[in-house]
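What follows is a single structure, written as structure tokens, with notes after it.
Protein chains: 2
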Amino acid sequence: MPTTRYGHRRYRKIADDLRTQIRQGSLPSGRPLPTEAALAVEFKASRGTIRQALSLLREEGVVATQQGRGTYVVGPSSPLDLLRTGASNESGRVREYQVPAPEDLAKIFGVPSGTPLWVREVIERSPECTSSVVRVYSVRG
Amino acid sequence: MPTTRYGHRRYRKIADDLRTQIRQGSLPSGRPLPTEAALAVEFKASRGTIRQALSLLREEGVVATQQGRGTYVVGPSSPLDLLRTGASNESGRVREYQVPAPEDLAKIFGVPSGTPLWVREVIERSPECTSSVVRVYSVRG
DNA sequence: AGAAATTTGTCCGTATGTATC
DNA sequence: AGATACATACGGACAAATTTC
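Laid out in structure tokens, this is it:
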């Protein structure tokens with residue numbers, strides 16, 4: 350079998366695969382998809398072909414991509430759902446990061462102060478002004 | 350000047366140029382644009398970049414492309430807009446081609462039978478089944 | 001605060017497949 | 001059947017945004 354086959358719309362099959370995985374929940378929601386480079390290895394395709402597949406899913410509204418961050422599964426976009434899916438919409442964007450637990454949180458969680466904590470954060474903006482900041486802490490992502 | 354410059358969204362400027370030419374009437378609607386290869390030479394860009402620009406214009410509904418035939422200007426007053434507004438083409442794709450006029454159409458148009466007629470066609474599909482076919486004939490695009 | 005690493009964005013060149021003329 | 005034109009795919013290089021240290 351030849352290593353590469355042209356003109357067979359491979360990117361569509363890749364998009365179908367990813368869409369199925371997303372709908373079945375096999376792809377962890379609230380987390381980024383594997384990087385384009387990783388998907389290229391996984392599907393044994395070039396990065397360009399992966400990008401074509403992702404482009405299709407973006408048009409369908411299944412995923413959203415941000416330069417420098419990654420591609421995320423897009424769910425229903427109430428603020429709570431934003432926190433759950435880690436997607437982005439017009440009102441705000443979910444950030445996910447870790448911080449060393451300050452004392453008050455460490456007490457609450459019952460862990461040593463300084464233990465890394467997961468934070469999910471949504472900053473809701475009206476045009477030109479931040480209306481609210483939501484943060485969700487947890488010991489594990 | 351360097352021969353190639355990365356990350357400057359050249360394809361957008363190319364799309365802007367083409368859109369302007371189209372809106373100004375330099376590229377009359379219904380007529381094919383230069384081929385992708387020709388545009389690549391004209392704009393001193395690779396064919397891939399040209400295709401990115403054309404993809405943008407397709408999404409805007411400014412042009413329509415058919416494999417093996419070319420890319421055509423879609424005018425604002427063309428019947429294609431009727432197709433677009435009348436038949437939401439979620440899953441359907443607009444095809445544009447020519448056929449020799451059969452007798453009945455030739456009579457209607459008052460042209461000799463066999464005269465090339467423009468056809469604009471949208472096939473609407475529900476999942477797995479064709480629900481309707483819309484065709485718009487005209488003497489000129 | 002700033003540099004390095006990571007990840008997506010853009011562009012190029014080339015080769016092959018598929019539809020149309 | 002041959003020529004033309006768009007579609008798909010690969011790989012490499014550099015730019016820009018974000019994250020991480």
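Protein chains in written order, with the numbering used here: chain S, 350 to 490; chain A, 350 to 490. By construction, the Cβ of each residue, glycine as well, lies at the ideal position given by its N, Cα and C atoms. Remember, it's a predicted structure, so these values are computed and weren't measured experimentally.
Check: Should A/Tyr360 go down as buried or exposed, given a rule of 16 or more other Cβ atoms within 10 Å for buried?
Finding: To locate residue 360 of chain A, count along the second sequence from 1; it is residue 11. Buried, since its Cβ has 16 or more Cβ neighbours within 10 Å.
Notebook entry, point to check: Among all the DSSP beta bridges, which residues are the ones paired with S/Val422?
Noted result: Here residue 422 of chain S corresponds to residue number 73 of the first sequence, with the count starting at 1. According to DSSP, S/Val422 bridges with S/Val412.
Margin query: For A/Leu466, list the residues DSSP reports as bridge partners.
Written below: Translated into the one-based positions of the second sequence, residue 466 of chain A becomes position 117. According to DSSP, A/Leu466 bridges with A/Val448.
Notebook entry, point to check: Whose C-beta lies closer than 8 Å to the C-beta of A/Pro465 among residues of the same chain, with five residues either side of it excluded?
Noted result: Taking the first residue of the second sequence as position 1, residue 465 of chain A is located at position 116. Excluding sequence neighbours, A/Pro465 sits near Gln447, Val448, Pro449 and Ala450.
Notebook entry, point to check: Rounded to a whole number of angstroms, what is the C-alpha to C-alpha distance between A/Arg354 and A/Phe392?
Noted result: Translated into positions along the second sequence, residue 354 of chain A becomes position 5. Translated into positions along the second sequence, residue 392 of chain A becomes position 43. Roughly 13 Å separates the two Cα atoms.
Item checked: Nonlocal neighbours in the same chain, by C-beta distance under 6 Å from S/Gly490, ignoring five residues either side -> Counted from its first residue, the first sequence places residue 490 of chain S at position 141. Low per-residue confidence applies at S/Gly490: pLDDT is 47, beneath 50, and the placement is therefore not dependable, though the value from the model is reported in the following sentence. Contacts found: Trp467.
Notebook entry, point to check: Which one or two residues does DSSP pair with S/Pro381 in a beta bridge?
Noted result: Taking the first residue of the first sequence as 1, we reach residue 381 of chain S at position 32. Partner(s): S/Tyr421.
Next item on the list: Report the option in S/Ser395, S/Arg396, S/Ala402 and S/Gly397 whose CA atom is closest to the CA atom of S/Asp366.
Entry: As a first step, residue 366 of chain S must be located in the first sequence, where it is residue number 17. Here the closest residue by C-alpha is S/Ala402.
Next item on the list: Please work out which residues of its chain come closer than 8 Å, Cβ to Cβ, to S/Gly417, disregarding the five sequence neighbours upstream and downstream, and give them in chain order.
Entry: For the purposes of this step, residue 417 of chain S is identified with residue 68 of the first sequence, where counting begins at 1. Closer than 8 Å at Cβ, skipping near neighbours: no residue.
Checklist line | Backbone CA spacing between A/Gly419 and A/Val412 [nearest angstrom] | finding: Against the second sequence, residue 419 of chain A aligns to sequence position 70. Against the second sequence, residue 412 of chain A aligns to sequence position 63. Cα to Cα, A/Gly419 sits roughly 10 Å from A/Val412.
Next item on the list: Following the continuous alpha helix (DSSP H) through S/Lys362, name the residue where it begins and the one where it ends.
Entry: Translated into positions along the first sequence, residue 362 of chain S becomes position 13. First-last of the alpha helix (DSSP H) with S/Lys362: Arg359 to Gln373.
Checklist line | Rounded separation between A/Thr434 and A/Arg358 - CA only | finding: Locating residue 434 of chain A in the second sequence gives position 85, where the first residue counts as 1. Locating residue 358 of chain A in the second sequence gives position 9, where the first residue counts as 1. Interpretation of A/Thr434 is limited by its pLDDT of 41, a score under 50 that renders its predicted location unreliable; no figure is taken from the coordinates.
Next item on the list: Give me the Cα-Cα distance between A/Ala389 and A/Leu406, rounded to the nearest whole angstrom.
Entry: One-based indexing of the second sequence puts residue 389 of chain A at position 40. One-based indexing of the second sequence puts residue 406 of chain A at position 57. Going by the C-alpha atoms only, they are around 16 Å apart.
Check: Is S/Gly410 closer than 8 Å to S/Thr423 when the C-beta atoms are compared?
Finding: As a working mapping, residue 423 of chain S is identified with position 74 in the first sequence. As a working mapping, residue 410 of chain S is identified with position 61 in the first sequence. Note on identity: in this sequence residue 423 of chain S is Val, with Thr being the wrong assignment. Yes.
Checklist line | Inter-residue spacing [alpha-carbon to alpha-carbon] between S/Ala394 and S/Gln370 | finding: What you label residue 394 of chain S is simply residue 45 of the first sequence in a count that begins at 1. What you label residue 370 of chain S is simply residue 21 of the first sequence in a count that begins at 1. About 18 Å.
Margin query: DSSP three-state label for A/Ala387, please.
Written below: One-based indexing of the second sequence puts residue 387 of chain A at position 38. Note: A/Ala387 maps to helix in three-state DSSP.
Notebook entry, point to check: Just how far apart, CA to CA, sit S/Arg396 and A/Gly459?
Noted result: Counting from 1 along the first sequence, the entry for residue 396 of chain S is found at position 47. Counting from 1 along the second sequence, the entry for residue 459 of chain A is found at position 110. Answer to the nearest angstrom: the Cα atoms are 54 Å apart.
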